[in-house]
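Working notes, beginning with the structure itself.
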Amino acid sequence: MTQENCIFCKIVNREFKTDFIVETQDYVSFNDITPRAPIHALVIPKKHFASLNEIEDVELMGKLLKGAKETAAKLGVADNYRLVINTGEKAGQAVFHIHIHVLGGRSMQWPPG
Ligand code: 5GP
Ligand code: ZN
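The opening position of the sequence shown corresponds to residue 6 in the numbering used here, with each subsequent residue numbered one higher.
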């Protein structure tokens, strides 16, 4: 369940003081430590999966999307936000515990770099 040395497992286990924006039995969301937009939160499952490719549980995938939507609403950007899931190093993934980025509060460029 918990992966040793995984920073996001530590956040789930409250080894660091982190305020959760949304918490359910399946996932939590919290502010990104290095925000790339005025609103930048992360939604993660409580259970460790290295990336989206390791999750087969479609119900959990749906719950994470719901969590992202709720997080955007709680942060006041329900009408304009972007969700990002980086999968693999070349795609920009640095933390190998799946997370959905919730970005908002400014205009976004397309396509992303
Ligand atoms: P990735 O590049 O893997 O898609 O995104 C990882 C994100 O996690 C980055 O935006 C980074 O700023 C964030 N992050 C890394 N370590 C921590 C941490 O200890 N606390 C929080 N709140 N965010 C973190
Ligand atoms: Zn983990």
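For each residue, glycine too, the CB sits at the ideal point set by N, CA and C.
First through last residue of the alpha helix (DSSP H) which encompasses L70:
V63 to K79
Give the secondary structure of I27 by DSSP, where H, G and I count as helix, E and B as strand, and everything else as coil.
In the sequence as displayed, the identity of residue 27 is Val instead of Ile. Strand.
According to DSSP, which residues form a beta bridge with L57?
Answer is none; L57 lacks a bridge partner.
On the premise that P50 lies in contact with L80, defined as a C-beta separation below 8 angstroms, what is that separation, rounded to the nearest angstrom?
The Cβ separation is near 20 angstroms, so there is no contact.
Does at least one heavy atom of the ligand GDP sit under 7 angstroms from the Cβ of F21?
With respect to the ligand GDP, the structure shown offers nothing to examine, as its ligands consist of the ligand 5GP and the ligand ZN.
I'd like the list of long-range same chain contacts for N18, defined as Cβ closer than 7 angstroms, with 5 residues on each side in sequence excluded.
T7
State the start and end residues of the unbroken alpha helix (DSSP H) segment that holds I12.
I12 to V17
Taking one C-beta from the segment 29-43 and one from the segment 96-113 each time, how about it: are there three or more such pairs within less than 8 angstroms?
yes
Where does A96 fall in DSSP's three states?
helix
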